[in-house]
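Some notes on the structure that comes next.
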Amino acid sequence: MIFANYDLLFRDPVAFFLLLLSVAAGLIVGITVHEFSHALVSYRLGDSTARRQGRLTLNPLAHLDPMGTILLFLAGFGWGKPTPVNALAFGRNAVQGMALVSLAGPLSNVVVAGIVGQLFRANVGILEPGGWPDLFLSSIFFYNLMLAVFNLLPLAPLDGFKVLLALLPRAWARSFARLEAWGPGILLLIIAIDWLPRFGGASLPRLNILGRILFPPINLLSEVLTGARVIG
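Residue numbering for the sequence shown follows the working numbering, starting at 156 and increasing by one per position.
Here it is as structure tokens:
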């Protein structure tokens with residue numbers, strides 16, 4: 156992401172700042188749509204918590220999380236400010252309600268990527284390879300797919316954890332729920348393992364764990380939506 160292209164700042168400052176702006180556009184659109192969709196589905200299911208806290212809006216400032224956004228800029232993965240949800244408002248269907256709210260975020264990102272993908276398929280005239288419209292739309296396309304796939308990983312606090320919790324048989328779900336506290340630590344460990352070689356030189360192997368997990372489904376979705384891979 157930006158960290159991997161910092162040398163462009165010295166070789167071609169204009170290209171670097173265009174890249175920076177395109178990444179920002181992709182992140183803002185992806186995170187805003189993702190978190191707004193959580194809030195909207197939660198509200199539709201009877202929980203007004205997000206609405207009362209000003210999260211039922213497409214204003215990006217309501218949804219951006221500082222650390223998650225910085226990571227997205229530097230590493231290509233991250234998160235928005237968690238949308239507050241009161242599962243008790245869903246009544247007896249609390250687990251299913253949480254799953255629907257959780258699923259809404261990634262699905263909304265796929266929808267946005269699908270809309271952009273149709274522009275690429277239609278070969279719109281403004282989308283000349285290397286032009287700034289192509290750069291910005293490509294960024295929106297990639298980051299929405301990345302947010303969708305990353306957030307569906309079955310690790311707390313990501314959306315995939317809550318979705319899987321609702322799909323598992325009750326006995327399995329109780330055991331799986333006990334792993335919730337371990338999720339953030341496992342996620343940070345994977346990130347650390349992937350990033351340490353960048354600072355440790357050739358002495359440390361580059362495992363690229365997240366890339367091996369995320370890139371295949373991202374490319375699969377890209378091929379479905381545009382007919383082409385988005386990574387390598």
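For every residue, glycine included, the Cβ atom is placed at its ideal position computed from N, Cα and C.
Measure the CB-CB distance between T381 and F275 and report whether it falls below 8 angstroms. Contact: yes.
Contact set for L243: own chain, Cβ-Cβ below 8 angstroms, skip 5 residues either direction: A249
Just mark F291 as buried or exposed, buried being the case when its beta carbon has 16 or more other beta carbons within 10 Å. buried
Going along the chain, which residues of its own chain have a beta-carbon closer than 8 angstroms to the beta-carbon of L262, five neighbours each way excluded? Excluding positions up to five away in sequence, the list reads S192 and A303.
Within a Cβ cutoff of 8 angstroms, which residues of the same chain sit near A321, ignoring the five residues on either side of it in sequence? Same-chain partners within the cutoff: V250, Q251, M253, A254 and A328.
Report the start-end ranges of each alpha helix (DSSP H) in the region 246 to 290 that is 4 residues or longer and not cut off at the edges. DSSP runs (the alpha helix (DSSP H)) wholly in the region 246 to 290: 249 to 277.
Determine contact between the region 202 to 213 and the region 265 to 274, defined as no fewer than three beta-carbon pairs at a distance below 8 angstroms. no
Short Cβ contact (8 angstroms threshold) for P221 with T187: No, these two residues do not count as a Cβ contact at 8 angstroms.
Using only the alpha-carbon positions, how far apart do D167 and G272 sit? 29 angstroms
In chain order, what residues of the same chain have a beta carbon less than 6 angstroms from the beta carbon of F296, not counting five sequence neighbours either side? A268 and V271
7 angstroms Cβ shell around L342 - same chain, five flanking residues per side excluded: L310
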